[in-house]
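Protein chains: 2
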Amino acid sequence: MNLLFSPQRFDDPGAGPLYLQLQRRIAEAIASGRLAPGDSLPAERDMATMTGLSRVTVRKAVQALVLSGQLVQRRGSGTFVAHKVEKLEQALSLLTSFTEDMQRRGRTVESVWLSRAVHSPSPEEVMALGLGADDRAARLARVRRSDGIPLAIERASLSTAFLPDPEVVETSLYGVLEARGLRPTRAVQRISAANLGPRDAELLEVAEGVAGLKIERVSYLPSGQVIEFTRSLYRGDAYDFAVELKLT
Amino acid sequence: MNLLFSPQRFDDPGAGPLYLQLQRRIAEAIASGRLAPGDSLPAERDMATMTGLSRVTVRKAVQALVLSGQLVQRRGSGTFVAHKVEKLEQALSLLTSFTEDMQRRGRTVESVWLSRAVHSPSPEEVMALGLGADDRAARLARVRRSDGIPLAIERASLSTAFLPDPEVVETSLYGVLEARGLRPTRAVQRISAANLGPRDAELLEVAEGVAGLKIERVSYLPSGQVIEFTRSLYRGDAYDFAVELKLT
DNA sequence: AAGTGGTCTAGACCACATG
DNA sequence: ATGTGGTCTAGACCACTTC
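Protein chains in written order, with this note's numbering: chain W, 952 to 1199; chain R, 952 to 1199.
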């Protein structure tokens, strides 16, 4: 530990900014196992005096490692090497139920509703759902958790023609639709990456700016009509989507 | 503009940290169109005096918006509202050629080799490629660009049994393999999100910490043998992968 | 009560871009 | 030459956790 934070080599010219040098040192210590998951780092002030850097510079190095998921900070408690999160693998080309998926893995499932209500549709919803001037949109938003860890935020929108009362949805939206005789047969998903904003980061219990996987799904009825439009945000560190390719 | 950076309302109690208040203000100005793409913001020092905040605090607000892709900073030049990047949509369940893909869209394609060489395999490569003790790994790394914008970093690994001399690959790896009678028929991709590290961020010409889409692909020969293992890193702001779901 | 991370300040120097 | 963002410092107070 004394070695890790010794002021030596911080005067090297051409080694780049000081915060990057420190960041690299810590990252290497983690990669090599000299810092193991769960280990605590010295307090920021202590690292500063040990390295001869200012606390602001130490913080900048630490922040980058928090963003990349290698460190975790807890206010009032300390800075720790992150535990490896076993990535959950999920097939992308099958529409699977979150609940069944997790139970098959022997994990607990919790789902916290953020809202279930009817709103005037946003322009995005009008586009995606093909709504008319007087149509209204039912919105369902929830946080999906497993074993106490939040994994994803799901925000679904439907025309009230298909779901007049969103309050009736307890667990499975598709279950409720099925009971009403509505069965999507095709869906298209679009996947991209984005840094989480303050709100979403808080809901997923990660630092602001952490990378998240954004998935937008549009589901279609056999008639070709759009029935549902869902935007999900997955924790990038906890999820892994798998796709099998057909090669011609 | 005077309005945007007026010190009013920065004394509101209960509105959260100052940098978040400023961040929110700027984000709203962009969303509402009062700040249009390409517009320049005042210099950091000027924003600081206008708002009555310190430069460090202004920087923290700006940094977050740079991370989320809403602002762009150019050293020596200024801070600007980012131009909307039209997201490139790509089908995930087809193995498409980057070159053909872009040309079909009427875009130029450039590919910059970072390295083409033979190495001792890393543990990861041994695992993925199923290498033996004496096998060596051919590595190909390049940055894919289109219209002058870097879009992705591709790092491919193969056993030298399949590709003894990586230097022969000029544009298409699959083309070279095909010429050698090697034709993958199945591939599995795993997708997740990650914050870009200093090196990768530089190669993709974005700020460190920006969200990237990480795709790992393993391709198989008809015999079931693994022929290739590729790790790609796409700019999260410029790419969008599409998958169609089969619903049973 | 003591220690931790979170926020904030005022001021400084450097490297780079543009006129 | 001037202005810009990039880095860095020393010191301060707050909110929270832990003892």
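For glycine and all other residues, C-beta sits at the position ideal for the given N, C-alpha and C.
Since we're looking at a predicted model, the values are computed, not measured.
Proximity winner among the options, relative to residue i (alpha-carbon distances)
i, options, result
"Phe1031 (chain R)", "R:Ser1044, R:Leu1016 and R:Leu1039", "R:Leu1016"
"Gly989 (chain R)", "R:Thr1111, R:Thr1059, R:Val1036 and R:Gln1014", "R:Val1036"
"Arg942 (chain W)", "W:Ile1104, W:Pro1173 and W:Val1194", "The question about residue 942 (chain W) has no answer here: the residues shown for chain W are numbered 952 through 1199."
"Leu1040 (chain R)", "R:Asp1052, R:Ala1033, R:His1034 and R:Arg1095", "Reading off the sequence shown, one finds Glu at residue 1040 (chain R), where the question assumed Leu. Considering only alpha carbons, the answer is R:Asp1052."
"Asp1086 (chain W)", "W:Trp1064, W:Gly1187 and W:Phe1113", "W:Phe1113"
"Gly1029 (chain R)", "R:Ser991, R:Ala966, R:Gln1054 and R:Thr1111", "R:Ser991"
"Gly1175 (chain W)", "W:Arg1137, W:Glu1153 and W:Arg1131", "W:Arg1137"
"Gln1024 (chain R)", "R:Phe1049, R:Pro1072, R:Ala994 and R:Ala966", "R:Ala994"
"Glu1118 (chain W)", "W:Trp1064, W:Ile981 and W:Glu1153", "W:Trp1064"
"Glu1153 (chain W)", "W:Ile1100, W:Pro1173, W:Leu1172 and W:Arg1131", "W:Ile1100"
"Val1161 (chain R)", "R:Gln1014, R:Phe961, R:Ala1130 and R:Glu979", "R:Gln1014"
Proximity of residue i and residue j at Cβ, strictly below 9 Å
i, j, result
"Leu969 (chain W)", "Phe1192 (chain W)", "no"
"Leu1045 (chain R)", "Leu1196 (chain W)", "yes"
"Leu955 (chain W)", "Arg985 (chain W)", "yes"
"Lys1165 (chain W)", "Tyr1185 (chain W)", "yes"
"Ala1144 (chain W)", "Gly1027 (chain R)", "no"
"Val1069 (chain R)", "Ala1084 (chain R)", "no"
"Leu1102 (chain R)", "Leu1147 (chain R)", "no"
"Val1060 (chain W)", "Arg1106 (chain W)", "no"
"Ser1097 (chain R)", "Arg1150 (chain R)", "no"
"Val1157 (chain R)", "Asp1188 (chain R)", "yes"
"Val1194 (chain R)", "Val1177 (chain W)", "no"
For residue i, three-class secondary structure by DSSP
i, result
"Ser1183 (chain R)", "strand"
"Arg985 (chain W)", "coil"
"Lys1011 (chain R)", "helix"
"Ala1033 (chain W)", "coil"
"Pro1101 (chain R)", "strand"
"Ala994 (chain W)", "coil"
"Gly1163 (chain R)", "strand"
"Leu954 (chain W)", "coil"
"Ala999 (chain W)", "helix"
"Gln1234 (chain W)", "Since the first residue of chain W shown is 952 and the last is 1199, residue 1234 (chain W) is not available in this structure."
"Asp1085 (chain R)", "coil"
"Phe1192 (chain R)", "strand"
"Gln1041 (chain R)", "strand"
"Arg976 (chain W)", "helix"
"Val1077 (chain W)", "helix"
"Glu1129 (chain W)", "helix"
"Glu1153 (chain W)", "helix"
"Glu1200 (chain W)", "A question about residue 1200 (chain W) goes unanswered here, because the residues of chain W that appear run from 952 up to 1199."
"Gln1176 (chain R)", "coil"
"Leu1018 (chain W)", "helix"
"Leu1114 (chain W)", "coil"
"Leu969 (chain R)", "helix"
"Gln959 (chain W)", "coil"
"Arg1067 (chain W)", "strand"
"Arg1055 (chain W)", "helix"
Inter-residue CB distance, residue i and residue j (contact presumed, cutoff 8 Å)
i, j, result
"Ser1066 (chain R)", "Arg1090 (chain R)", "6 Å"
"Arg1141 (chain R)", "Glu1167 (chain R)", "5 Å"
"Ser1108 (chain W)", "Pro1135 (chain W)", "So it is not a contact: roughly 14 Å between Cβ atoms."
"Met998 (chain W)", "Val1009 (chain W)", "5 Å"
"Ala1033 (chain W)", "Ile977 (chain W)", "About 12 Å separates the two Cβ atoms, so there is no contact after all."
"Ser1110 (chain R)", "Leu1082 (chain R)", "6 Å"
(request) Could you tell me whether the region 970-979 of chain R touches the region 992-1010 of chain R, where touching means 3 or more Cβ pairs closer than 8 Å? (result) yes
(message) Check whether the region 1115-1125 of chain W and the region 1178-1189 of chain R touch, using three or more Cβ-Cβ pairs below 8 Å as the test.
(response) No: fewer than three Cβ pairs fall under 8 Å.
(request) Taking 8 Å as the threshold, find out whether the region 1066-1077 of chain W comes into contact with the region 1016-1026 of chain W through three or more Cβ pairs. (result) no
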